[in-house]
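Protein chains: 6
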Amino acid sequence: MNEDTRRKLAAVTTATLTTCLLKRGLRSAWMQNVHPVAPGLPTMVGPAFTLRYIPAREDLDRLEAYADPEHPQRKAIETCPPGHVLVIDARKDARAAAAGDLLITRLMVRGVAGIVTDGGFRDTPAIARLGFPAYHQRPSAPTGPILHHAADLQLPIGCGDVAVYPGDVVVGDGEGVVVLPAHLADELAAEAFEMTAYEDFVAAKLQEGRSLPGLYPASNASRAEFALWRSEQGR
Amino acid sequence: MNEDTRRKLAAVTTATLTTCLLKRGLRSAWMQNVHPVAPGLPTMVGPAFTLRYIPAREDLDRLEAYADPEHPQRKAIETCPPGHVLVIDARKDARAAAAGDLLITRLMVRGVAGIVTDGGFRDTPAIARLGFPAYHQRPSAPTGPILHHAADLQLPIGCGDVAVYPGDVVVGDGEGVVVLPAHLADELAAEAFEMTAYEDFVAAKLQEGRSLPGLYPASNASRAEFALWRSEQGR
Amino acid sequence: MNEDTRRKLAAVTTATLTTCLLKRGLRSAWMQNVHPVAPGLPTMVGPAFTLRYIPAREDLDRLEAYADPEHPQRKAIETCPPGHVLVIDARKDARAAAAGDLLITRLMVRGVAGIVTDGGFRDTPAIARLGFPAYHQRPSAPTGPILHHAADLQLPIGCGDVAVYPGDVVVGDGEGVVVLPAHLADELAAEAFEMTAYEDFVAAKLQEGRSLPGLYPASNASRAEFALWRSEQGR
Amino acid sequence: MNEDTRRKLAAVTTATLTTCLLKRGLRSAWMQNVHPVAPGLPTMVGPAFTLRYIPAREDLDRLEAYADPEHPQRKAIETCPPGHVLVIDARKDARAAAAGDLLITRLMVRGVAGIVTDGGFRDTPAIARLGFPAYHQRPSAPTGPILHHAADLQLPIGCGDVAVYPGDVVVGDGEGVVVLPAHLADELAAEAFEMTAYEDFVAAKLQEGRSLPGLYPASNASRAEFALWRSEQGR
Amino acid sequence: MNEDTRRKLAAVTTATLTTCLLKRGLRSAWMQNVHPVAPGLPTMVGPAFTLRYIPAREDLDRLEAYADPEHPQRKAIETCPPGHVLVIDARKDARAAAAGDLLITRLMVRGVAGIVTDGGFRDTPAIARLGFPAYHQRPSAPTGPILHHAADLQLPIGCGDVAVYPGDVVVGDGEGVVVLPAHLADELAAEAFEMTAYEDFVAAKLQEGRSLPGLYPASNASRAEFALWRSEQGR
Amino acid sequence: MNEDTRRKLAAVTTATLTTCLLKRGLRSAWMQNVHPVAPGLPTMVGPAFTLRYIPAREDLDRLEAYADPEHPQRKAIETCPPGHVLVIDARKDARAAAAGDLLITRLMVRGVAGIVTDGGFRDTPAIARLGFPAYHQRPSAPTGPILHHAADLQLPIGCGDVAVYPGDVVVGDGEGVVVLPAHLADELAAEAFEMTAYEDFVAAKLQEGRSLPGLYPASNASRAEFALWRSEQGR
């Protein structure tokens, strides 16, 4: 993906991006009940690489299945491209793990940008220590085959009630994860970047005691004042 | 599928089949929160033909999309083979419709055996009048594209927390729907058919005032008594 | 409200109306988890008269409070205009009753068109015998003050996750309830009425063995065929 | 239990009983999400006989366990006294069956008054044909040991978020189930019976076009009018 | 509000206050599923200023609406009196934001005591940095008009299943939020303050190895011992 | 319990133990929605001592009841043996507290190993400061008798959808709580301890850039390499 877009997306919030999406009629792009495993990491940005789970069946989903190098979960870990985000459709079911610390360590070492699921991860204290962007519903220690069967890679999926198409741009911050349609990523990044500068200006003015009307949403007067502030700030 | 298997499955309940499945270690084959639209229909039996939904995206999922003959939902309606059951993975979300009466009418006319989803159908009073086996979570009038995007056909899916592989044998009765792994269908049908005969014998004896111990579960004595009863009944 | 609109709305389904609403960008007009108490009644149509509940507080919400003629629930029952639909915001909580058979009998005798809540009614077997349109989440016998405090009348409310403004047109059928913004009611009624005629034509053709493509959604050819069918049917 | 109490309770609704309970400060006596399997049966009345389930463990809960005559579920079926109601604490989990038609047939033949659980029953079409009062959350075909372990009999339990002590009086009607503390059953029955007569009077007057104020809740004038009506009715 | 009451409430926990409320028959005053955005802040105390949301409607709830100075959300931010707590009824729906960091910054600068909703806030990492008491269900980045319509100010509302009347005293600590009826605030504060002193005494004695009986709940002996301890501590 | 088992269990994770349990066919041993009150404490290990709650009834469950030394909750606090874990079945209901900081302080001083419930604790900031292992669903300030009645001790219970028999070995870490059948504790501890050593080896190799295939799951080659690594590490 475009490096300027990546840089700008890394500097904005998922909240701001949802506002830009709503302007385009897109209302359902933020994953519900998907949270960061660890707080305080830099913003995660990257194109989606998708992995789909279906419910497990006891005769098919045994621990032995992981030895197969074609097992889609293991294949995802080894083939998700560097800079991409692995997104796992776990059907919002966190009663057993979607992945654990060893697989996530491997993703990190391979240069992947992050991992997201609407299920749960296991070994979350270890994942938190990795400092790698990981988003899930809640910790879930039970081993995956109790509940999940890894079905396939790189199909459109749902995750946290959001449609995710391979190549969509996934952004994660301290609140959660938003999915940008691939063809809109550049313009959304640009717009959100500008909006963020304005909102930083508003925050500064509010701290000085200014009231909201005329300032937020912007008025012609406030836009002029912002232009001045921005050039003073060298932004 | 084997006609003897079809006939036997049509004569047993989904409850009895779950007992036969548990004997083989299969605990998760009955769909949770999937109910018949109309009561009192004959038991539904047929191999699964699968259709998968993901969450809708406002720019892709518009009413106009249905005009495309390659739209997977429309294609499913026209290509699901006679005698099969169309199973739709709606991610357990019934806030908009998975299908409506016109599509289901077409399925019925084409000789399809039934339709199942873990979402909801619209036009359910009309569907009930069709007398066609249809199973869902609850009535849901809102038009599908508000929530669902039909993604693809004949992949393994989840439905009501059950794994459904194309060709698995789907059985539906007045309580709901069970999914039989294809390779086990014949033996499960035979075993459930025998079990049903025994349970009919038990029910008759209980109505005569017999107590459970020694009768249910079966003892050697009760099995002998059953053999006699069965031959008397000509079953 | 316009009698022609009332007549047309009484002849269409809530499902068809959701399609007409989506064409106008309105996606959230059908109440989730709101069901008819009794099946098989004529379609309910009428402007909304709203009643709002908040959680009860034990010192304020006692059975004695009902003796006050200004109690908003009792006032709603006596002042909801004939032909209107009383819509009660019970915050989707059905653990105690939103209303019971005596109050609903009074509404019926007064000529009110129906009653709707996202909570539950008590005395539902008696309500079902009244033959009066009543929609709720599930039967709930516990007396209302255990949970609900009637706060006020004729404010905008939420009901089943739908915004309801006083005067909006409420339509209920065998599947549930849809809310039409007042200013759109006439055009939605006209459009849905036409759509229903076309869908009846499609249903007839499907029963004759026709396939969906070219028929549903409509094509130029099918529209011509429909025009002929319609005039033959005298509709 | 007192036969006069039994007769009166059989003539009132669970809704009316919740009002009498609230007057005594009891707010949580009606089971949430517990519904009749079949509509239209006479009111169920009887003292509670309790059976408690805990979650199953795969090594302990096998089909073979049912052969043990000391298995608490089987023991409950054979020892619940005639006229009592068997109440099963299934922890509100209906993903597998709490009981099925054969066991319930045996209960019926033994003269038990009814069966209640906050889980689900299997073989519900057959149970509905028995005409025996049975209350549960929803149909659940999977065999019980998948989820439930029968732990013990005649301890205080929870069912549908209600405390049930052995000997409490359980009443079930077309809406659901209420639990009366044993020591209050007689006075609650008497009070509800009187209230029902008054409410029948109110219903008759409402049908004649009377308004609610002064009638419901009762005023001195309406009480006098009721006394007259009642003697005219011979009640 | 009374400064002594404010001071005492700031020194007790919401847990202790629920005990004092239960003594008065009030069982439902603590908000369910409402959590502090940031841990470790001083206890929040202030009278409630209420703001009510209903579900959004796509044609009414657009980003442009915020430019209207009469928009109830914006008006709430500018008019909630210093020392008060803004309480937002978001119908327990956290799928889009009830408010964000800029509005909350303005509240803080204006001297408001805190903000509470049963929905979710956006920009929660920024809110956490403000050090301002904010309570919600969970982070929710999507912009508010996707889901919420701000309807009105200063009406009685529900929040987290609790009735909130304007002027009720709202107290928030590290566990959550309790609502005190205005007329009981002084006596509840006094009682909870005394109870807290006793519980601190109990905690000290437990750390010394004392057992609970005779100490908690208090006995005559322990009350005498407490009096001595308290005077020694100069409390 | 065996000290070697205790030591080994203190050195493994609940995640690893679920894998060992699945090998034995045990799929439901990890408590769902049960979380540590405070992060970063040592792993909790000890045999289960059980306490069972049922729903409260307003006339029985009053604050005065705690003065009875036979009250099962208070008795649990004083009699749970040192080194054991007190497990409270709160029926997954966290709307009022299962226990608070004073009782938990007493448990800690008495040498108990930890406390677990599927409900909620009150005074959680104080509990967090104790540094004592406590696991629950979420903070819940309301006083217990609003919702819970302590029924009895040392019966088999359910907690977080897991069967807990007195004497089962309870292990809690930063993710949650797993329950080991008493007779399997020693072998599970030994197996999980070995597995942990291998997984530490894998983690080290992954950090060096090794890929998963041939390493995880183990191959003959990787097992040989591990043996060498382990002896080098002196483990």
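Chains as they are written, first to last, in the working numbering: chain A, 47 to 281; chain B, 47 to 281; chain C, 47 to 281; chain D, 47 to 281; chain E, 47 to 281; chain F, 47 to 281. Cβ atoms here follow ideal geometry from the backbone N, Cα and C, with glycine treated the same way.
Next item on the list: Quick one: grab the DSSP three-state call for Thr170 of chain F.
Entry: In the sixth sequence, residue 170 of chain F corresponds to position 124, counting from 1. Residue state, collapsed to three classes: helix.
Notebook entry, point to check: Could you give the residue range of the alpha helix (DSSP H) that holds Arg269 of chain D?
Noted result: The residue you call residue 269 of chain D lines up with position 223 of the fourth sequence. It spans 266-279 - the alpha helix (DSSP H) in which Arg269 of chain D sits, taken as one unbroken run.
Margin query: I want to verify the contact list: residues of chain E whose CB lies under 9 Å from the CB of Ala202 of chain F, in sequence order.
Written below: Here the question's residue 202 of chain F lines up with position 156 in the sixth sequence. It is Pro, not Ala, that sits at residue 202 of chain F in the sequence shown. Result: empty, since nearest Cβ-Cβ is about 26 Å, beyond 9 Å.
Notebook entry, point to check: For Tyr99 of chain B, which residues does DSSP report across the bridge?
Noted result: Here residue 99 of chain B refers to the residue found at position 53 of the second sequence. B:Ala196, per the DSSP bridge assignment.
Next item on the list: Check the Cβ of Thr189 of chain F against every Cβ in chain E and list those closer than 8 Å, keeping chain order.
Entry: On the sixth sequence, position 143 is the one that residue 189 of chain F refers to. Ala61, Thr64, Thr65, Leu68, listed in chain order.
Check: Counting along the chain, where does the alpha helix (DSSP H) carrying Thr242 of chain E start and finish?
Finding: Taking the first residue of the fifth sequence as 1, we reach residue 242 of chain E at position 196. Counting along the chain, the alpha helix (DSSP H) containing Thr242 of chain E begins and ends at 231-253.
Note to self: I'd like to know if Glu104 of chain B contacts chain A, where contact means its C-beta is closer than 8 Å to some C-beta of that chain.
What the structure shows: By one-based count along the second sequence, residue 104 of chain B stands at place 58. Interface residue, yes.
Check: Opposite Gly157 of chain B in the DSSP bridges: which residues?
Finding: What you label residue 157 of chain B is simply residue 111 of the second sequence in a count that begins at 1. Answer by DSSP bridge pairing: none, since Gly157 of chain B is not bridged.
Check: Does Val248 of chain E come within less than 8 Å of chain F when only Cβ atoms are used?
Finding: Translated into the one-based positions of the fifth sequence, residue 248 of chain E becomes position 202. Interface residue, yes.
Next item on the list: Give the DSSP bridge partners of Val216 of chain C, in chain order.
Entry: As a position in the third sequence, residue 216 of chain C is number 170, starting the count at 1. Answer is C:Gly92, C:Val225.
Check: If you drop the 5 nearest sequence neighbours on each side, which residues of the same chain put their C-beta closer than 6 Å to that of Asp207 of chain D?
Finding: As a position in the fourth sequence, residue 207 of chain D is number 161, starting the count at 1. For Asp207 of chain D, where only same-chain residues beyond five positions count, the Cβ hits under 6 Å are Gln78.
Margin query: 8 Å is my cut-off, CB to CB: does Pro101 of chain D come that close to chain B?
Written below: Counting from one through the fourth sequence, the residue named residue 101 of chain D turns up at place 55. No, no contact with chain B.
Checklist line | Pro227 of chain A burial status per 10 Å Cβ neighbour count (16 or more: buried) | finding: As a working note, residue 227 of chain A is residue 181 in the first sequence. Under this definition Pro227 of chain A is a buried residue.
Checklist line | DSSP-derived helix/strand/coil call for Leu109 of chain E | finding: As a first step, residue 109 of chain E must be located in the fifth sequence, where it is residue number 63. Leu109 of chain E falls in the helix class under three-state DSSP.
Checklist line | Residue environment, His229 of chain B, which counts as buried when at least 16 other CB atoms sit within 10 Å | finding: Here residue 229 of chain B corresponds to residue number 183 of the second sequence, with the count starting at 1. His229 of chain B should be labelled exposed.
Note to self: Is there a C-beta anywhere in chain A that falls below 8 Å from the one on Asp169 of chain E?
What the structure shows: Within the fifth sequence, residue 169 of chain E is the residue found at index 123, counting from 1. For Asp169 of chain E, the answer is yes, since a Cβ of chain A falls inside 8 Å of its Cβ.
Notebook entry, point to check: Does the beta carbon of Pro185 of chain C sit closer than 8 Å to a beta carbon anywhere in chain D?
Noted result: As a position in the third sequence, residue 185 of chain C is number 139, starting the count at 1. Closer than 8 Å: yes.
Next item on the list: Please report the Cβ distance between Ile161 of chain F and Leu148 of chain F, rounded to the nearest whole angstrom; I am assuming they are in contact, meaning their Cβ atoms lie under 8 Å.
Entry: The count along the sixth sequence starts at 1 and reaches residue 161 of chain F at position 115. The count along the sixth sequence starts at 1 and reaches residue 148 of chain F at position 102. Actually they do not touch by this definition, with Cβ atoms about 13 Å apart.
Notebook entry, point to check: In terms of residue numbering, what span does the alpha helix (DSSP H) encompassing Asp50 of chain C cover?
Noted result: To locate residue 50 of chain C, count along the third sequence from 1; it is residue 4. Where Asp50 of chain C is concerned, the enclosing alpha helix (DSSP H) stretches over 49-55.
Next item on the list: Can you pull the chain E residues whose beta carbon is under 7 Å from the beta carbon of Trp76 of chain A, in chain order?
Entry: As a first step, residue 76 of chain A is located in the first sequence; it is residue number 30 there, counting from the start. Here the neighbours are Ala187, Pro188.
Check: How long is the line joining the alpha carbons of Tyr262 of chain E and His117 of chain F, rounded to whole angstroms?
Finding: Along the fifth sequence, read from residue 1 onward, the residue named residue 262 of chain E stands at position 216. Along the sixth sequence, read from residue 1 onward, the residue named residue 117 of chain F stands at position 71. Going from the Cα of Tyr262 of chain E to the Cα of His117 of chain F covers about 12 Å.
Next item on the list: Could you tell me whether any Cβ in chain D is nearer than 8 Å to the Cβ of Leu55 of chain B?
Entry: The count along the second sequence starts at 1 and reaches residue 55 of chain B at position 9. No, Leu55 of chain B does not count as interfacial toward chain D.
Item checked: Listed by chain order, chain E residues near Pro263 of chain A by CB distance under 7 Å -> Taking the first sequence and counting its residues from 1, the one referred to as residue 263 of chain A is at position 217. Neighbours of Pro263 of chain A on chain E, chain order: Tyr112, Ala113.
Next item on the list: Using three-state DSSP, classify Ala187 of chain A as helix, strand or coil.
Entry: Numbered from its first residue, the first sequence carries residue 187 of chain A at position 141. Ala187 of chain A falls in the coil class under three-state DSSP.
Notebook entry, point to check: If Phe167 of chain B and Ala180 of chain B are in contact, beta carbons under 8 Å, what's the gap, nearest whole angstrom?
Noted result: Counted from its first residue, the second sequence places residue 167 of chain B at position 121. Counted from its first residue, the second sequence places residue 180 of chain B at position 134. Right, the Cβ-Cβ distance comes to about 6 Å (below 8 Å), so this counts as a contact.
Check: Around the C-beta of Pro191 of chain F, are 16 or more other C-beta atoms found within 10 angstroms, so that it is buried, or is it exposed?
Finding: In the sixth sequence, the residue the question calls residue 191 of chain F occupies position 145. Burial call: buried.
Notebook entry, point to check: At what residues does the beta strand (DSSP E) containing Leu132 of chain B begin and finish?
Noted result: Position 86 of the second sequence, counted from the start, is the residue given in the question as residue 132 of chain B. Segment 131-135, the beta strand (DSSP E) holding Leu132 of chain B.
Next item on the list: May I have the straight-line CA-CA distance separating Glu245 of chain E from Ala264 of chain E, to the nearest angstrom?
Entry: Taking the first residue of the fifth sequence as position 1, residue 245 of chain E is located at position 199. Taking the first residue of the fifth sequence as position 1, residue 264 of chain E is located at position 218. The alpha-carbon atoms of Glu245 of chain E and Ala264 of chain E are separated by roughly 10 Å.
Check: Where does Ala75 of chain D sit, in a helix, a strand or coil, going by DSSP?
Finding: Taking the fourth sequence and counting its residues from 1, one reaches residue 75 of chain D at position 29. Three-state result, Ala75 of chain D: coil.
Item checked: Collapsed DSSP secondary structure at Pro82 of chain C in the structure displayed -> Taking the third sequence and counting its residues from 1, one reaches residue 82 of chain C at position 36. Pro82 of chain C falls in the strand class under three-state DSSP.
Next item on the list: Quick one: residues in its chain with C-beta nearer than 8 Å to the C-beta of Arg6 of chain D, no 5 flanking neighbours on either side, listed in chain order?
Entry: Absent from the model: residue 6 of chain D. The displayed extent of chain D is 47 to 281, so no value can be given.
Next item on the list: Would you identify the three-state DSSP class for Cys205 of chain C, choosing helix, strand or coil?
Entry: Indexing the third sequence from 1 puts residue 205 of chain C at position 159. In this structure, Cys205 of chain C counts as strand in the three-state DSSP scheme.
Check: Less than 8 Å separating the beta-carbons of Ala235 of chain A and Lys54 of chain A?
Finding: In the first sequence, the residue the question calls residue 235 of chain A occupies position 189. In the first sequence, the residue the question calls residue 54 of chain A occupies position 8. Yes.
Notebook entry, point to check: Considering only residues of the same chain and omitting the five flanking positions on each side of Tyr211 of chain E, which have a CB-CB separation below 6 Å?
Noted result: Here the question's residue 211 of chain E lines up with position 165 in the fifth sequence. Pro202.
Checklist line | Beta-ladder partner(s) of Ala143 of chain E, from DSSP | finding: One-based indexing of the fifth sequence puts residue 143 of chain E at position 97. Answer is E:Gly166.
Note to self: Let's see if you can read the secondary structure: which residues bound the beta strand (DSSP E) around His182 of chain F?
What the structure shows: For this step, residue 182 of chain F is matched to residue 136 along the sixth sequence. Residues 180-182.
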